[in-house]
Structures are given as structure tokens and as C-alpha cells.
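For reference, the structure is listed below as C-alpha cells.
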Amino acid sequence: MELRVLNYFVATAQELNMTKAAQKLLVSQPALSRQIADLEDELGVKLFNRQPRHLTLTPSGQYLLEQAKEILALTAKTKSNLQSSAVISGDLTIAAGESVGMQRLMNIVSNIIQDYPTVKIHILSGDYEFAEKKLNIGTVDFAAIIGNVNLSNYASIQLPERDVWGVLMTKNDPLAKKKAITPADLVGRTVLNSQQADTMHYFDNWLGNYKDDVNFIGTVNLSFNGTLLVKNNAAMMF
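So in UniProt numbering, the last one in the sequence shown is 238, and the numbering has no gaps at all.
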């Protein structure tokens with residue numbers, strides 16, 4: 001697979017229209033169609049379902065799109081870093097969760113911006129699974145990770161800040177007047193869980209025998225969109 005062809009594929013997958021993709025790439029439609037067909041032959045899979053004026057991705061096409069984006073991003077990052085040897089420049093990419101500890105990290109990043117104006121900063125928000133994947137494939141330089149996770153495969157330092165779990169609810173919720181929430185308070189309540197907490201079973205011990213009495217309706221990996229459900233009185237949220 002050539003990088004040029006992967007770029008053609010990504011553009012076609014984003015447009016889902018061969019004519020529009022060809023215009024975006026500044027190539028002819030027949031040439032683009034031939035490149036995509038050759039890529040399918042090379043991989044031995046069908047990447048698109050073809051309709052008269054529209055394309056849809058097959059499962060194989062969706063998988064390749066995710067991988068191709070990572071490959072192209074890593075290639076661009078590698079090229080940028082190699083071309084910036086004379087001056088301290090290039091791209092600094094950080095994967096981070098939402099944490100009070102990020103303020104310490106952003107203070108350092110602010111100094112980098114001031115001292116090295118040619119360095120480009122990229123901050124990607126996500127939970128531990130997101131950060132781990134990005135670290136392993138090399139598309140981020142480092143990550144700020146929240147929670148008790150296995151870091152034995154990485155060089156790491158522990159920040160002094162501590163995050164405290166809480167339950168987000170509307171101001172008029174009866175529980176909002178309490179100084180602390182107990183597992184019994186959540187019996188029968190509809191709750192949206194943190195995706196990382198759900199995957200790693202953070203609250204299992206705390207909930208104890210009450211776990212099955214809480215109506216967990218799903219998960220959220222970052223909190224902002226979940227707050228919109230809370231505002232609509234649809235759920236509480238960890």
C-alpha cells in the first residue's frame with residue numbers, strides 16, 4: 001500500500017462520492033476509481049458498496065479508514081520531526097483526560113509555546129484506552145492518564161494532584177443537598193457511568209450489594225456531552 005493511495009482512499013471515504021473526492025484530490029475520476037479498485041485487489045477485500053451516485057463503506061472499508069488515518073498521521077508527524085533538526089520545532093502531541101492535574105501540564109506547555117514558537121501543540125482528549133492506543137502506535141508523544149492503571153510498559157511520573165469522583169445531578173435533585181453520596185442513595189436512580197470506570201470496574205467495591213439496584217444506562221468517555229443529558233433530567237452521571 002502506497003501512502004498516496006491511502007490518502008486517495010481516505011478522501012474517498014470521507015466524501016463517499018468518487019466525483020467529489022477526485023475534485024478534492026485534483027485527479028481525474030477514472031484515475032481515482034482505478035486506484036481504489038487496485039487497492040481492493042491488493043487487499044483482497046471490498047472497501048466500498050457502489051451505488052449510482054453514492055458510496056458506502058463496507059466493514060473492511062471502515063476498518064481500513066481508521067487504520068489509514070493513524071498511518072497518515074504518524075507519517076506526517078515523523079516527517080515534521082525529521083525536518084526540524086536545526087531549530088527546536090516540530091509537533092508535540094498530548095493525549096489527556098479531564099483532570100485538575102492538567103493545569104500543571106498546561107503551565108509547562110505554555111512555557112514551551114513562549115520559548116519555542118515554532119513548536120506546534122496538539123491536545124487530544126480521551127480516556128485511558130484512547131491514550132494507550134495512541135501511545136502504542138506512536139501518534140502521541142505522551143499522555144496524562146487518570147486512575148489506577150498498569151503503566152509498567154511506559155516511562156511515567158505521578159503528578160501530586162488527586163481527582164475525586166463525584167455524581168453530577170441537577171440542582172433541584174434531592175441528593176444535591178447532601179455533602180456526600182452513599183451507594184444506597186443511588187438505588188433505583190438512572191446513572192450514566194464513566195467509560196473508563198465501567199471498563200475497569202472502579203465502583204464495584206464501593207457499590208457492593210447495591211450495584212444491581214442502580215440503573216446504569218450507558219457510558220461516556222468525556223463528561224461534557226454527558227452533562228447535557230443531566231441537564232435534561234435524563235440521568236445522573238459519575
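We put the CB at the ideal spot given by N, CA and C, even for glycine.
Which one of the options has the shortest CA to CA distance from residue i?
i: residue 250; options: Asn-17, Gln-51 and Val-10; result: Look at the range of the chain in this structure, 1 to 238, and you will see that residue 250 is not part of it.
i: Thr-12; options: Thr-190, Ser-28, Pro-30 and Ile-36; result: Ile-36
i: Val-109; options: Val-187, Lys-77 and Ile-121; result: Ile-121
i: Arg-162; options: Asn-49, Val-230 and Val-100; result: Val-100
i: Leu-105; options: Gly-90, Tyr-116, Asp-115 and Ile-123; result: Ile-123
i: Leu-135; options: Glu-70, Val-45, Ile-113 and Leu-25; result: Glu-70
i: Gly-218; options: Phe-224, Ser-194 and Ala-73; result: Ser-194
i: Ala-31; options: Val-45, Val-5, Gln-14 and Asp-213; result: Val-5
i: Asn-160; options: Gln-103, Met-236 and Ile-88; result: Residue identity check: residue 160 is Pro in the sequence provided, not Asn. Of Gln-103, Met-236 and Ile-88, the residue nearest in Cα terms is Gln-103.
i: Pro-59; options: Leu-151, Gly-147 and Phe-48; result: Phe-48
i: Glu-129; options: Asn-172, Asp-198 and Val-164; result: Asp-198
i: Asn-148; options: His-201, Asp-91, Asn-225 and Asp-212; result: His-201
i: Ser-223; options: Leu-192, Asn-232 and Lys-79; result: Leu-192
Hey, would you say residue i sits closer than 8 Å to residue j, going by beta carbons?
i: Leu-3; j: Thr-75; result: yes
i: Tyr-154; j: Ala-184; result: no
i: Leu-16; j: His-54; result: yes
i: Ile-112; j: Ala-131; result: no
i: Thr-170; j: Val-230; result: yes
i: Ala-143; j: Ala-73; result: no
i: Ala-22; j: Ser-28; result: yes
i: Ser-80; j: Tyr-116; result: no
Mind checking who residue i pairs with in its DSSP beta bridge?
i: Val-214; result: Looking at the DSSP assignment, Val-214 forms no beta bridge with any residue, so it has no partner.
i: Met-237; result: Leu-168 and Leu-192
i: Thr-12; result: Its beta-bridge partners do not exist; DSSP assigns none.
i: Thr-219; result: Asn-193
i: Ala-21; result: According to DSSP, which records beta bridges pairwise, Ala-21 is partnered with nothing at all.
Exposed or buried, what is residue i when buried is set at 16 or more other beta-carbons lying within 10 Å of its beta-carbon?
i: Gln-196; result: buried
i: Asn-221; result: buried
i: Ala-234; result: exposed
i: Asp-127; result: buried
i: Gly-61; result: buried
i: Tyr-8; result: buried
i: Val-93; result: Per the sequence shown, residue 93 should be read as Thr rather than Val. That one is buried.
i: Thr-139; result: buried
i: Lys-46; result: exposed
i: Gly-188; result: exposed
i: Lys-77; result: buried
i: Gly-166; result: exposed
i: Leu-228; result: exposed
i: Met-1; result: exposed
i: Gly-208; result: exposed
i: Ala-180; result: exposed
i: Leu-64; result: buried
i: Ala-176; result: exposed
Handout entry: Segments assigned beta strand (DSSP E), at least 3 residues, entirely inside the segment 28–94
Key = 48–50 and 55–57
Problem - Uninterrupted beta strand (DSSP E) stretches inside the segment 106–188 (no shorter than 3 residues) - result: 119–125 and 142–144
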